[in-house]
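Each residue of the sequence shown is one higher than the one before, starting from 1 at the first, in the UniProt record's numbering.
Working notes for the structure below.
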Amino acid sequence: MPKDKYGTVVASLSGKWISWTHTAVAYCAFLGALVVGMWLHFHKIVQNEHYGYPDEWFPSVSATIGDRYPERSIFQLFIAITSGPRFALVFLWYLLTARPGHFAPKAIGSVGLIRTLLCGGWVYITSTDDHDWHDTFMISYIVFTLPWTIGCLILSPMNQQAIKYRKILAGLFFATLVPLIHFYIQHKVHKVAGAYTKYAFFEWSLIFLDVGFDAITALDFAGLELQIVDIRRNGKGNGVALPDAILQKSGKEHTQIPQQLLGVSYSWDDMADAAADIYSGFMFWSILTSLGVTIWFFPLWHMGISGYEVLIMTTVSPFLLGIPSIRQAAVNNPHYAYTLSLLGLVAFAITMPEARLFLVASGVLFTCLAWTGSFYAERLNPARLEAKVSGFSLGLIASSIAKFANHSNNPVWPIMNSENGGWNKIGLVLAALAISRLTKRTKSSSGELALLPQPKGEPSIYIIIGLGGLLFGLHSLLSDSSTMILWVWDGYPVKGPLAVPHGAYTIAAMGAGFLIGLFRSDLAKTWTFYGVGCSAAAVFYRNPGWLGYYGALVLATYFMALIPSFVQSATRHTPGKIFGFAFLFYNIIVLAHVWVVAYAFVPGGPLLRERTDLVVTGMMLMIGAGVFATTSYAPESSKAEAHDYPSSGRLRSYAVYSLIGLELFAASAAYIRLPSLDYQPYHKDQRVVTAGIWTVHFALDNDMWSSERRMRDIIKELEIDVIGLLESDLQRIIMGNRDMTQFLAEDLGMYADFGPGPNKHTWGAALLSKFPIVNSTHHLLPSPAGELAPAILATLDMYGDMVDVLVFHSGQEEDVEDRRLQSLGISKLMGDSPRPLILLSYLVTPPKEGNYNTYVSEESRMRDIDPSDWDRWCEYILYRGLKRIGYARVSRGSITDTEIQVGKFVVGEPESSDKIIPEDEVPVEYRFPAIFKGEGVRGHAYHVFGEPRYFR
């Protein structure tokens with residue numbers, strides 16, 4: 001029996017056989033199930049919720065491996081056998097890549113172990129057993145595949161053949177995700193016949209590529225031999241990894257990104273510091289973005305300037321750093337200002353709106369002061385300054401992700417609480433922990449300091465203007481992942497991105513820009529890149545659909561890439577002047593951004609009426625001034641970049657790992673939020689449609705709380721199938737860059753159409769429908785003097801019949817001619833429709849007088865849902881071509897300032913008379929819910945008539 005110097009060798013095996021065994025058995029599991037399933041249950045496993053054979057003719061992975069016997073058993077048997085080689089493969093990979101003091105191999109090994117366990121979760125809990133748990137394990141597995149793939153690529157030993165194949169398979173894997181998602185959306189959202197078969201091919205491709213990627217380890221393990229000896233052998237592999245080999249070859253640490261990311265030692269203390277910086281950045285953006293929406297509440301109720309708008313000027317608090325004592329405190333002890341900024345997060349505990357606003361304004365004052373002081377404090381240490389800027393940038397991404405996961409509401413905002421989806425207490429606790437970490441942080445090592453000379457002859461005005469423009473761009477377009485998507489949304493059929501899942505694309509573009517700014521800041525501040533950014537802004541502004549969105553993605557990348565160079569340039573000057581004036585310029589363009597739509601209520605408003613083009617142009621010109629400052633006046637000493645400092649690689653690696661974690665969370669949120677689209681109306685057997693109209697006051701209730709959940713409750717209890725929501729465009733800084741339709745549509749199970757987008761200068765119209773929206777067009781009615789009047793004309797598939805629904809918001813009372821022209825425009829839209837039609841509207845006219853007789857006319861061919869209802873002024877429901885069976889007016893409670901009007905119709909039956917009949921003559925299925933009779937519930941009750949009205 002052979003021996004080595006440690007003892008007798010009982011058995012030996014080449015490591016490559018671990019890989020080959022894993023590959024062979026895994027392929028047998030999937031291919032065996034596929035062959036057996038196609039042979040025994042072909043028609044059943046190609047059937048999906050929309051189509052079967054011959055439209056669909058190839059099964060998905062889930063349908064093949066989880067639905068039927070015996071293919072399910074065959075698959076699970078082989079996967080059980082695969083588990084042994086799989087655990088061994090992960091273990092061998094760790095031994096091959098581990099080096100003392102290096103954290104990355106441990107992290108990637110842990111990811112591989114967790115990924116293997118998650119695989120067992122979705123294999124043995126199939127979609128037929130428990131759909132939610134199966135999906136949870138599946139998406140978690142896919143999420144962990146990303147760091148496993150990237151980690152294996154970067155940690156690869158110097159085997160050129162293995163590296164080549166890994167790059168090819170990894171590239172194909174990630175490239176396949178694009179058509180996979182596309183065809184899944186085509187199947188799930190658009191219900192395209194055959195799309196699921198195409199999706200299935202890409203899904204199976206991912207399986208084979210995933211297993212194939214791990215099969216490449218056979219080339220690395222060929223040099224390993226597993227032996228069983230009579231004593232344990234000590235020591236670890238000392239092979240040279242790819243980053244180490246590159247380092248040895250180049251001799252330049254800062255030029256090798258893989259070495260900066262994985263080839264460094266790690267410190268839990270430093271990682272905690274990085275997490276504290278990022279969460280502090282999240283706090284900054286959360287508090288700053290909450291100021292506009294809390295200020296907006298007051299002019300909203302005053303219908304004009306309230307006086308509270310002056311609190312927007314709290315952002316210019318960095319001017320206080322011109323006072324030496326305050327500057328010294330902010331620079332040497334910034335944690336005091338950070339602590340006081342928590343007033344903006346504590347505000348949720350106060351019920352009085354005015355007090356809440358002042359607390360938020362105080363939080364903004366101190367958070368702007370704290371971050372300016374922190375930037376200036378690190379000005380002599382480029383590595384630490386870069387880390388601080390990374391926390392600021394990643395905080396914006398984290399804030400956008402938090403809103404993406406929470407239906408466009410930031411869960412720590414002061415308009416949120418435990419009853420409407422807020423996580424305020426948890427957010428506050430995490431903020432306190434982050435600040436405590438900042439308090440304990442030791443000062444930078446003096447050995448890393450490099451004194452930067454004061455700029456001579458450099459005009460600071462350029463960087464002031466540039467920084468102000470960049471802050472505005474980040475806030476107005478990137479603080480919510482759905483903002484730019486709604487700018488390019490153009491109705492049904494879908495011709496562009498959707499808030500879910502494509503909001504994750506926006507966040508990914510932001511992450512790409514962050515990496516460019518981190519590793520190639522020299523590229524970010526070039527005039528060439530500026531030209532690309534300007535072109536992207538033009539494409540984004542001028543084009544709907546995918547073309548406009550591609551411009552938006554480039555613009556998001558550009559903005560994020562600029563942050564490091566702009567902040568670093570700003571810290572070369574006196575902090576109070578630079579940051580104070582930068583925020584002042586930011587405030588000016590924020591007001592211009594508001595004036596373009598609020599022109600009817602503000603002094604000098606008509607000068608900027610509908611001129612978003614000027615705002616976008618001004619923003620890019622301001623940023624151009626900043627680019628001029630960073631390129632024309634960079635001192636020679638600035639060539640000593642952050643990567644010249646020993647700590648830079650470690651700090652950058654924390655930032656990149658944090659970004660990967662955030663992006664994975666965004667991808668998970670996109671998957672979890674992907675709608676099922678199997679919506680059903682409440683009374684489909686009776687072919688009843690319940691339609692409503694409601695002016696919802698921008699989803700802020702009378703006490704300044706976000707009102708989506710309360711709106712959801714009343715819409716569900718009234719069993720509304722189709723509803724028009726007015727005053728629903730929240731995609732502006734003053735409204736928090738929100739989208740109320742996301743939560744309502746997902747929770748109620750309805751399709752959503754958002755009327756003319758934020759770049760069309762209206763107060764908004766939205767349509768929610770239980771019925772598929774076959775087609776929709778967005779309209780701006782004639783408005784020569786007053787506010788713009790939006791309309792959505794949508795064709796819905798109601799029980800197989802095509803019915804048009806028109807949602808319309810007329811202009812304000814003061815502009816008589818506007819309202820007359822708008823009534824003519826809507827009347828023509830209704831008259832031109834060849835189908836049955838329901839108008840859900842805000843008309844601003846008394847019944848049977850003035851413009852009412854244009855809306856209800858021979859040209860429009862429309863009927864009033866209740867001609868005897870004399871007590872209306874704004875909201876009206878008109879109809880034609882349907883049998884109207886009921887009408888009700890429901891009080892608003894404290895959600896908004898306008899009631900809900902609801903009508904019931906039967907599709908496919910002739911119009912009824914105007915004769916009102918008692919409820920006991922009406923079939924039970926046709927009646928309105930009884931819970932709103934008498935006192936009703938939560939302030940909602942049938943009013944005016946005291947009960948619903950029914951018609952024969």
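Glycine included, C-beta positions come from ideal geometry on N, C-alpha and C.
* **Spatially closest choice to residue 487 from 501, 510, 537, by CA coordinates** => If you number the sequence shown from 1, residue 487 lands on position 487. Ranking 501, 510, 537 by Cα distance to residue 487 puts 537 first.
* Asked: Within this structure, are the beta carbons of residue 811 and residue 820 separated by less than 8 Å?
  -> As a position in the sequence shown, residue 811 is number 811, starting the count at 1. As a position in the sequence shown, residue 820 is number 820, starting the count at 1. For the 8 Å CB-CB criterion, residue 811 and residue 820 do not form a contact.
* Own chain residues within Cβ distance below 7 Å of residue 545, not counting five before or after -> What you label residue 545 is simply residue 545 of the sequence shown in a count that begins at 1. Taken in chain order, the residues that qualify are 488, 490, 495, 496.
* Asked: From which residue to which residue does the beta strand (DSSP E) around residue 775 run?
  -> By 1-based counting over the sequence shown, the position of residue 775 is 775. From DSSP, the beta strand (DSSP E) with residue 775 extends over 773-781.
* Of all the options 502, 823, 415, 552, which has the alpha carbon lying nearest to the alpha carbon of residue 705? -> Here the question's residue 705 lines up with position 705 in the sequence shown. It is 415.
* Are there 16 or more other CB atoms within 10 angstroms of the CB of residue 13, so buried, or fewer, so exposed? -> Working through the sequence shown from its first residue, we reach residue 13 at position 13. Answer is exposed; the Cβ neighbour count stays below 16.
* Please classify residue 828: is it buried, with 16 or more other beta-carbons within 10 angstroms of its beta-carbon, or exposed? => As a first step, residue 828 must be located in the sequence shown, where it is residue number 828. Within 10 angstroms of the beta-carbon of residue 828 lie fewer than 16 other beta-carbons, which makes it exposed.
* Going by DSSP, which residues form a beta bridge with residue 695? -> Translated into positions along the sequence shown, residue 695 becomes position 695. Residue 695 is bridged to 726.
* To do: May I have a chain-ordered list of the alpha helix (DSSP H) segments no shorter than 4 residues that lie completely inside the stretch 515-578?
  => DSSP runs (the alpha helix (DSSP H)) wholly in the stretch 515-578: 521-524, 527-542, 545-570.
* To do: Note down the Cα distance separating residue 751 from residue 875, rounded to an integer number of angstroms.
  => As a position in the sequence shown, residue 751 is number 751, starting the count at 1. As a position in the sequence shown, residue 875 is number 875, starting the count at 1. Rounded to the nearest angstrom, the two C-alpha atoms are 23 Å apart.
* Asked: Using a Cβ-Cβ cut-off of 6 Å (strictly less than) and excluding sequence neighbours within five positions of residue 445, which residues of its own chain qualify?
  -> Within the sequence shown, numbered from 1, the residue matching residue 445 stands at position 445. With a pLDDT of only 35 at residue 445, under 50, the local geometry of the prediction cannot be trusted, and no value is derived from it.
* **Beta carbon of residue 514 nearer than 8 Å to that of residue 393** => If you number the sequence shown from 1, residue 514 lands on position 514. If you number the sequence shown from 1, residue 393 lands on position 393. Remark: C-beta atoms of residue 514 and residue 393 approach each other more closely than 8 Å.
* Alpha-carbon to alpha-carbon, residue 65 and residue 80 -> Walking along the sequence shown from the start, residue 80 turns up at place 80. Walking along the sequence shown from the start, residue 65 turns up at place 65. Per the coordinates, the alpha-carbon of residue 80 lies some 14 Å from the alpha-carbon of residue 65.
* To do: Could you tell me which of 71, 207, 360 sits nearest to residue 23, measuring between CA atoms?
  => Along the sequence shown, read from residue 1 onward, the residue named residue 23 stands at position 23. Ranking the options by Cα distance to residue 23, first place goes to 207.
* Just the C-alpha distance for residue 951 and residue 772, rounded to the nearest angstrom, thanks. => Position 951 of the sequence shown, counted from the start, is the residue given in the question as residue 951. Position 772 of the sequence shown, counted from the start, is the residue given in the question as residue 772. Near 28 Å, if we compare the C-alpha coordinates of residue 772 and residue 951.
* Backbone CA spacing between residue 58 and residue 187 [nearest angstrom] -> Counted from its first residue, the sequence shown places residue 58 at position 58. Counted from its first residue, the sequence shown places residue 187 at position 187. Rounded to whole angstroms, the separation of the alpha carbons of residue 187 and residue 58 is 14 Å.
* Work out the CA separation of residue 330 and residue 369 for me, nearest whole Å. => Counting from 1 along the sequence shown, the entry for residue 369 is found at position 369. Counting from 1 along the sequence shown, the entry for residue 330 is found at position 330. Each residue's alpha carbon lies about 7 Å from the other.
* Cβ-Cβ separation, residue 465 to residue 622 (assumed contact under 8 Å), whole Å -> Residue mapping note: residue 622 aligns to position 622 of the sequence shown, counting from 1. Residue mapping note: residue 465 aligns to position 465 of the sequence shown, counting from 1. Right, their Cβ atoms sit about 5 Å apart.
* Asked: Got a sec? Which residues, its chain only, sit under 6 Å from residue 71 by beta carbon, not counting five neighbours each side?
  -> Position 71 of the sequence shown holds residue 71. Same-chain partners within the cutoff: 33, 36, 37.
* **Run of the alpha helix (DSSP H) containing residue 991, from where it starts to where it stops** => What the structure shows of the chain is the stretch from 1 to 952, and residue 991 is not part of that stretch, so it cannot be assessed.
* Name the residue from 893, 841, 741 whose alpha carbon lies nearest to the alpha carbon of residue 731. => Position 731 of the sequence shown, counted from the start, is the residue given in the question as residue 731. Among 893, 841, 741, the Cα nearest to that of residue 731 is on 741.
* **Cβ pair residue 764, residue 727 closer than 8 Å** => Counting from one through the sequence shown, the residue named residue 764 turns up at place 764. Counting from one through the sequence shown, the residue named residue 727 turns up at place 727. A distance below 8 Å separates the beta carbons of residue 764 and residue 727.
* Range covered by the alpha helix (DSSP H) that runs through residue 746 -> What you label residue 746 is simply residue 746 of the sequence shown in a count that begins at 1. Taken as a continuous stretch (DSSP letters only), the alpha helix (DSSP H) holding residue 746 covers 740-748.
* What do you reckon, are the CB atoms on residue 843 and residue 853 nearer than 8 Å? -> Residue 843 sits at position 843 when you count from the first residue of the sequence shown. Residue 853 sits at position 853 when you count from the first residue of the sequence shown. For residue 843 and residue 853, no; Cβs fall outside 8 Å.
* Neighbour-count burial assignment, residue 573, 16 or more Cβ in a 10 Å radius -> In the sequence shown, the residue the question calls residue 573 occupies position 573. Within a 10 Å sphere around the beta-carbon of residue 573 sit 16 or more other beta-carbons, which makes this residue buried.
* Paired residues, beta bridge with residue 906 - DSSP -> Reading the sequence shown from its first residue, position 906 is the one you call residue 906. Answer is 688, 883, bridged to residue 906.
* Asked: Is it true that the CB of residue 699 sits closer than 8 Å to the CB of residue 652?
  -> Here residue 652 refers to the residue found at position 652 of the sequence shown. Here residue 699 refers to the residue found at position 699 of the sequence shown. Cβ atoms of residue 652 and residue 699: not closer than 8 Å.
* How would you call residue 69, buried or exposed, if buried means at least 16 neighbouring beta carbons within 10 angstroms? -> As a first step, residue 69 is located in the sequence shown; it is residue number 69 there, counting from the start. Residue environment analysis places residue 69 among the exposed positions, since fewer than 16 neighbouring C-beta atoms fall within 10 angstroms of its C-beta.
* Rounded to whole angstroms, what's the CA-CA distance from residue 403 to residue 761? Just pull it up for me. => One-based indexing of the sequence shown puts residue 403 at position 403. One-based indexing of the sequence shown puts residue 761 at position 761. The alpha-carbon separation between residue 403 and residue 761 amounts to approximately 23 Å.
* Asked: Hey, residue 484 and residue 540 are a contact pair by Cβ (cut 8 Å); roughly how many whole angstroms apart?
  -> Indexing the sequence shown from 1 puts residue 484 at position 484. Indexing the sequence shown from 1 puts residue 540 at position 540. Between residue 540 and residue 484 the Cβ distance is about 7 Å, and since that is below 8 Å, they are a contact.
* What are the residues that DSSP puts in a beta bridge with residue 71? -> Your numbering for residue 71 matches position 71 in the sequence shown. Residue 71 is not bridged to any residue.
* **Among 321, 335, 76, 627, nearest to residue 527 - alpha-carbon criterion** => As a working note, residue 527 is residue 527 in the sequence shown. If you compare the alpha carbons of 321, 335, 76, 627 with that of residue 527, the shortest gap goes to 627.
* **Enclosing beta strand (DSSP E) for residue 766 [first to last residue]** => On the sequence shown, position 766 is the one that residue 766 refers to. Residues 765-769.
* For the beta strand (DSSP E) that contains residue 791, what are its first and last residues? -> The residue you call residue 791 lines up with position 791 of the sequence shown. Counting along the chain, the beta strand (DSSP E) containing residue 791 begins and ends at 789-798.
* residue 399 vs residue 367 beta-carbon contact at 8 Å -> Stepping through the sequence shown from its first residue, residue 399 is reached at position 399. Stepping through the sequence shown from its first residue, residue 367 is reached at position 367. No; because the gap between Cβ atoms is not below 8 Å, this pair is not in contact.
* **Sequence ranges, alpha helix (DSSP H) only - wholly within the stretch 921-945, length at least 4** => As far as the stretch 921-945 is concerned, it has no whole alpha helix (DSSP H) run of at least 4 residues.
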